[in-house]
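Residue numbers (the working numbering): 298 to 620.
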Amino acid sequence: MKAKARKEKTPQNKSLFYEQKIRPAIKDIKFYRGLYWFIIPALVWYFIFWLIPLYGITLAFKDFNYRDGLFGNDWVGLKYFKTFIANPQFWMMIRNTLTISILKMILCFPVPIIFALMLNEIQHPLSKRIMQTISYLPHFVSWVIIVAILNKFISPYGGLINELREKFFGLTPHYYMGDTKWFYPLIILTHNYKTMGFSSILYLSAIAGIDQELYEAAYIDGAGKMRSLLSITLPCIKPTIVLNFILNIGGLLAAGFDQIYLMTNPSNEMIANVLDVYSINVGIKGGNFSLATAVGLFTSAISFLIVWATNRISRRISEISLW
């Protein structure tokens with residue numbers, strides 16, 4: 298009887314689902330069909346440049362060679378994943394990557410937030426626009442130029458920093474780029490310089506959306522700037538901060554290839570050899586594309602698990618999550 302009852306209800310449920318979900322969606326698509334035509338180029342672009350290249354992931358499970366091409370190689374299973382994990386430098390690369398990424402999360406993630414709060418306090422519109430423009434510019438400059446400028450400043454041969462050290466303190470020139478003690482500080486300094494201004498746009502937008510009546514009410518109650526900041530501004534932009542943190546935590550195993558590769562030299566190679574640099578070295582330089590793909594897929598899988606776990610924890614603690 299129960300089975301018969303289920304069979305009798307199923308057509309009704311399907312009809313109800315169609316009337317409530319499918320039919321309204323079809324009507325909306327027909328009504329806005331002119332707008333949907335504009336989506337087609339974007340979908341085609343994603344299909345060509347994102348979905349089709351995903352087939353390249355199979356290289357991690359194949360013994361790739363140029364003769365057989367992308368489609369004619371033998372499947373080797375997890376061979377290259379085992380080769381990567383068995384590498385004597387595996388744990389050293391993991392340690393270097395996590396060290397740089399965690400330092401960036403601690404010392405770089407809060408900087409755009411603080412900078413956005415400071416910009417928001419500038420009352421003069423012209424001064425505010427000038428400061429914003431100056432802070433945004435480094436984002437549009439490549440890491441090649443940033444590192445070249447850094448080298449000019451700290452070079453032991455005529456660099457500004459060493460010239461000042463010698464002139465005012467009588468100290469001999471120091472090769473900062475070759476000093477392992479200065480590698481991490483230089484990484485953090487240049488990363489903040491390049492990303493601080495542009496990353497603050499998101500927080501400035503969130504601050505601009507705060508209802509000004511909240512500040513007026515707080516002012517009437519006798520709250521000062523700091524109290525308004527702690528009780529109104531930060532709580533109101535908390536969802537933006539949490540969501541951005543979840544997105545950034547996904548890059549925990551991606552310490553930043555361009556910056557680190559350009560700042561690496563034989564003197565600091567032991568602490569600069571991260572997963573991204575290793576992947577490029579074995580793939581582009583060594584020609585082992587299967588191993589390089591395995592390293593990239595390993596990093597992506599771990600990053601996805603980190604994002605998933607962080608999102609789950611955030612949803613339980615603060616009820617803020619990506620999904």
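All residues carry an ideal CB built from backbone N, CA and C; glycine is no exception.
Q: Tell me the start and end of each unbroken alpha helix (DSSP H) in the region 471–542 that is at least 4 residues and wholly inside, in chain order.
A: 477–505, 509–517 and 522–525
Q.
Helix, strand or coil for Trp334? Go by DSSP, reduced to three states.
A. Here residue 334 refers to the residue found at position 37 of the sequence shown. Trp334 falls in the helix class under three-state DSSP.
Q.
If you reduce the DSSP assignment to three classes, tell me which class Trp620 lands in.
A. The sequence position of residue 620 within the sequence shown is 323, counting from 1. Three-state result, Trp620: coil.
Q.
So Leu572 and Met390 are supposed to be a Cβ contact under 8 Å. How far apart are they, rounded?
A. By 1-based counting over the sequence shown, the position of residue 572 is 275. By 1-based counting over the sequence shown, the position of residue 390 is 93. Indeed they touch by this definition, with Cβ atoms about 5 Å apart.
Q. Cα-Cα, which of Leu540, Ile427, His436 and Asp476 is closest to Ile451?
A. Taking the first residue of the sequence shown as position 1, residue 451 is located at position 154. Of the listed residues, the one whose Cα sits closest to Ile451 is Asp476.
**Q.** For Ile345 and Val373, the rounded distance between their alpha carbons
**A.** Here residue 373 refers to the residue found at position 76 of the sequence shown. Here residue 345 refers to the residue found at position 48 of the sequence shown. Each residue's Cα considered, the two are about 27 Å apart.
Q | Environment of Val563 [buried if 16+ CB atoms lie within 10 Å] | A | In the sequence shown, residue 563 corresponds to position 266, counting from 1. The amino acid at residue 563 is misidentified as Val; the sequence shows Pro. That one is exposed.
Q. What whole-angstrom Cβ distance do Ser587 and Phe361 have, given they're in contact under 8 Å?
A. Reading the sequence shown from its first residue, position 290 is the one you call residue 587. Reading the sequence shown from its first residue, position 64 is the one you call residue 361. About 5 Å separates the two Cβ atoms, so the contact holds.
**Q.** Distance CB(Val438)-CB(Met493) smaller than 9 Å
**A.** Taking the sequence shown and counting its residues from 1, the one referred to as residue 438 is at position 141. Taking the sequence shown and counting its residues from 1, the one referred to as residue 493 is at position 196. It is not a contact, given that the beta carbons lie outside the stated cut-off.
Q | Straight-line gap, Ile546 to Ser611 (C-alpha atoms, nearest Å) | A | In the sequence shown, the residue the question calls residue 546 occupies position 249. In the sequence shown, the residue the question calls residue 611 occupies position 314. Between Ile546 and Ser611, the C-alpha separation is close to 12 Å.
(Q) Using the Cβ count rule (16 or more neighbours within 10 Å means buried), how would you classify Gly593? (A) Position 296 of the sequence shown, counted from the first residue, corresponds to residue 593. Flag for Gly593 reads buried.
(Q) Check whether the region 495–510 and the region 410–426 touch, using three or more Cβ-Cβ pairs below 8 Å as the test. (A) yes
Q. According to the neighbour-count rule (16 or more other Cβ atoms, all chains shown, within 10 Å of its Cβ), is Ser497 buried or exposed?
A. Position 200 of the sequence shown, counted from the start, is the residue given in the question as residue 497. Result: buried.
Q | C-alpha distance - Lys324 paired with Arg330, whole-angstrom precision | A | Mapped onto the sequence shown, residue 324 falls at position 27. Mapped onto the sequence shown, residue 330 falls at position 33. The alpha-carbon atoms of Lys324 and Arg330 are separated by roughly 10 Å.
Q.
Taking the straight line between their C-alpha atoms, what separation do you get for Thr590 and Lys379?
A. The count along the sequence shown starts at 1 and reaches residue 590 at position 293. The count along the sequence shown starts at 1 and reaches residue 379 at position 82. The alpha-carbon atoms of Thr590 and Lys379 are separated by roughly 13 Å.
Q: Mind checking which residues open and close the alpha helix (DSSP H) that includes Ala413?
A: Mapped onto the sequence shown, residue 413 falls at position 116. Note, Ala413: alpha helix (DSSP H), Pro407 to Asn417.
Q: Using DSSP bridges, identify the partner residues of Trp372.
A: Indexing the sequence shown from 1 puts residue 372 at position 75. According to DSSP, which records beta bridges pairwise, Trp372 is partnered with Lys359.
Q: Assign Val441 to one of two classes, buried (16 or more other C-beta atoms within 10 Å of its C-beta) or exposed (fewer than that).
A: The residue given as residue 441 occupies position 144 in the sequence shown. Exposed: under 16 other Cβ atoms inside 10 Å.
Q) How many whole angstroms separate the CB atoms of Gln429 and His488, which I take to be in contact at a CB cut-off of 8 Å? A) Translated into the one-based positions of the sequence shown, residue 429 becomes position 132. Translated into the one-based positions of the sequence shown, residue 488 becomes position 191. With 8 Å as the limit, Gln429 and His488 do not qualify as a contact, their Cβ atoms being about 19 Å apart.
Q) Taking just the CA atoms, how far does Ala551 sit from Leu434? A) The sequence position of residue 434 within the sequence shown is 137, counting from 1. The sequence position of residue 551 within the sequence shown is 254, counting from 1. Rounded to whole angstroms, Leu434 to Ala551 spans 24 Å at the Cα level.
Q) Leaving out five residues before and five after Pro470 in sequence, what residues of the same chain have Cβ atoms less than 6 Å from its Cβ? A) Indexing the sequence shown from 1 puts residue 470 at position 173. Only Pro453 and Asn459 meet the Cβ criterion.
Q) In its own chain, which residues sit with a C-beta less than 7 Å from the C-beta of Met298, not counting the 5 before and 5 after it? A) What you label residue 298 is simply residue 1 of the sequence shown in a count that begins at 1. Note on Met298: pLDDT 42, under 50, position unreliable in the model; the coordinate value appears next. So no residue of the chain qualifies.
Q: Kindly list the residues whose CB is nearer than 7 Å to the CB of Tyr500, restricted to its own chain and excluding five residues on each side of it in sequence; keep chain order.
A: Here residue 500 is taken as the residue at index 203 of the sequence shown, counted from 1. So the list reads Pro409, Ile410, Ala413, Ile534 and Thr537, once near-sequence residues are dropped.
Q.
Can you list, in chain order, the residues of its chain with a C-beta nearer than 8 Å to that of Ile326? Leave out the 5 residues immediately preceding and following it.
A. Position 29 of the sequence shown, counting from 1, holds the residue named residue 326. Cβ neighbours of Ile326 beyond the five flanking positions: Tyr333.
Q | Pick from Asp518, His436, Ile543 and Ile484 that is closest to Phe554, judged by C-alpha positions | A | Taking the sequence shown and counting its residues from 1, one reaches residue 554 at position 257. Nearest C-alpha to Phe554: Ile484.
Q: List in chain order: all unbroken alpha helix (DSSP H) runs of 4+ residues lying wholly within the region 431–465.
A: 440–451 and 457–461
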